[in-house]
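Structure first, then comments.
Right, here's the structure in full:
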């Protein structure tokens, strides 16, 4: 089975410790049970039990220590293959458990990217003792605009520093042993990254900004004193560390979405398969089968894409930065597809989705969070659009990237270098993937791609449209679908997905492309030439009842009775 089933952990685990982490995590949640899980969620109970479990089993230390910082015999490794499996597992059992891990990843990122060896040694000791970390970047008045910061750092006459200002929406900031905090120098405006102690008397924990098991804090530093020994980065290095840390961390959001959707799918399928209305089993109704099939194919596509993106992250170097396109798509595209999967399943189970006992109600609320964290969809789309010209019109040759599940350490993620130069990044020819299958719906989708490229050449955005974010976002959605399809196809070949399932995936891809073409057509600023081209892009998927029936019988329906969390 391609989708996660905690009772049958079939993904490749390259070493015994990786499998042990996953098995013990499953055992923890199943021993806790769904009833207690939901009670803690509904009561906004801090997850002290989960953190105690992680400490006792050394899980955060194993998951978050790069090889060069590991102890002899520890076999420490920061492995994106293992990270995505763990993030998926935590999302499967509850977003809040994923969240405390996720913000710890963000919090420790600037530390591992630093040259401050003393702080790195301190971080490793704290990890070994089960502590969590926090990432003090966003601010109440500025949000994702990190060019502007009101965390002001003043250098004193004796060479020490004093920081004053507040941070907002900072997970784990109530208990984090080290809070990596981003600010600006009062005299020069240069950026600085330093470590704050959440228990220091000049560190004021203002409030939890949400009602949740998570503690998403506002904290304020009141003339907070520190020395060069607590500084992680100065100047451009601080800026680069902030963005490069987000590159590492935001990828995990897609995996939380995949995990939540998978658990929700099991619940929805079991409910519908065992419910009878008007003399029929609910799953015998044609519209219900269509909803489940769409949800399943979208979920499989999410996982195929995210896994393939991990291969490119693991293969990244200063000479190969393709991950900077694929990574934000896991954050943006996979998470928005997760919302779509939950919506489809909710249309099946209807009022059941509001009940307090099942997992689904928790997922339905939390799935909305992910597209809005670590930079909104709009911020990530603005990044993705920068790559479109080179992607379509200036391909380069690269060695083929294989499936990267060997368990190696991803040292480059903490040595990504300067964040500039995105316009110079080249990509391999997407035709290689699109020509590796010959399927009816894929052929229709390829026609849509060529029409979109043709529009980019014959009816490009006007000067005004190039400044119109609303127009560019829709065009960006269409470009994103092309990249999404490319990695899905690459991984469909690697994982030997059957042709019927792949073609059913491109059934919804054709429909989605047509939807965005209609939206672009309808924009107030769209020109006559652009509208004419958009109309050509609106196409119907190829109808094949035999293929559709095979996908239902061989893939979707067998999800019944596969997993139910103990009560």
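In my numbering, the protein residues as written are 496 to 1062. Built from N, CA and C at the ideal position, the CB exists for glycine as well.
Same chain, Cβ closer than 7 Å to residue i, neighbours up to 5 away in sequence not counted
i, result
"residue 1076", "No statement about residue 1076 is possible, as the shown extent of the chain runs from 496 to 1062 and does not include it."
"residue 807", "817, 818, 821, 896"
"residue 960", "966, 1020"
"residue 989", "898"
"residue 708", "535, 536, 539, 540, 541, 542, 591"
"residue 1046", "788, 995, 996, 999"
"residue 868", "748"
"residue 793", "832, 835, 836, 1003"
"residue 878", "823"
Nearest neighbour of residue i, chosen from the options [CA to CA]
i, options, result
"residue 618", "568, 672, 663, 882", "672"
"residue 885", "938, 851, 820", "820"
"residue 787", "1053, 748, 499", "1053"
"residue 902", "734, 498, 510", "510"
"residue 755", "767, 835, 881", "835"
"residue 652", "958, 682, 660, 938", "682"
"residue 640", "654, 627, 663", "663"
"residue 746", "798, 825, 676", "825"
"residue 697", "930, 634, 661", "661"
"residue 785", "732, 496, 875, 843", "843"
"residue 750", "578, 740, 867", "578"
"residue 666", "875, 1025, 595", "595"
"residue 963", "855, 911, 880, 953", "880"
"residue 1023", "956, 1051, 908, 977", "956"
"residue 1026", "954, 727, 852, 1043", "954"
"residue 1010", "976, 507, 985, 930", "976"
Those residues which DSSP pairs with residue i across a bridge
i, result
"residue 720", "657"
"residue 650", "656"
"residue 699", "715"
"residue 810", "Answer is none; residue 810 lacks a bridge partner."
"residue 673", "628"
"residue 679", "647, 686"
"residue 726", "689"
"residue 989", "Note: residue 989 sits in no beta bridge, so no partner."
"residue 851", "Partner(s): none; residue 851 has no beta bridge."
"residue 665", "712"
Neighbourhood of residue i by C-beta, 6 Å cutoff - its chain only, sequence neighbours within 5 removed
i, result
"residue 710", "669, 703"
"residue 809", "575, 899, 905"
"residue 764", "1054, 1055"
"residue 524", "588"
"residue 546", "none"
"residue 1012", "1029, 1032, 1033"
"residue 1014", "969"
Neighbourhood of residue i by C-beta distance below 8 Å, restricted to the same chain and skipping five residues each side
i, result
"residue 949", "1028"
"residue 1063", "Outside the displayed range of the chain (496 to 1062) lies residue 1063, so it cannot be described from this structure."
"residue 922", "817, 820, 882, 885, 886, 890, 891"
"residue 552", "516, 519"
"residue 1001", "934, 936, 937, 939, 940, 980, 1036"
"residue 827", "866, 872, 875, 876, 879, 975"
Residue ranges of each alpha helix (DSSP H) within the stretch 570-643, 4 or longer: 575-588, 590-607, 612-623
contact_flag[the stretch 765-784, the stretch 935-947] where n(CB pairs < 8 Å) is 3 or more: no
Touch test, the stretch 684-695 against the stretch 708-728, Cβ-Cβ under 8 Å, three pairs minimum: yes
Beta strand (DSSP E) segments (min. 3 residues) lying fully within the stretch 512-560: none
The stretch 997-1016 touching the stretch 1027-1044, judged by at least three CB pairs closer than 8 Å: yes
Contact the stretch 618-627 vs the stretch 546-564: 3+ CB pairs below 8 Å: yes
The stretch 500-507 contacting the stretch 533-541, beta-carbon criterion three pairs below 8 Å: no
Every unbroken beta strand (DSSP E) within the stretch 876-947, with a cutoff of 3 residues, ordered by chain: none
Secondary structure, alpha helix (DSSP H): runs of 4+ residues fully inside the stretch 1028-1055: 1040-1046
Cβ contact check for the stretch 603-610 and the stretch 638-652: 3 or more pairs under 8 Å: no
Every unbroken alpha helix (DSSP H) within the stretch 769-822, with a cutoff of 4 residues, ordered by chain: 781-809
Given 8 Å, three or more beta-carbon pairs between the stretch 908-927 and the stretch 526-533: no
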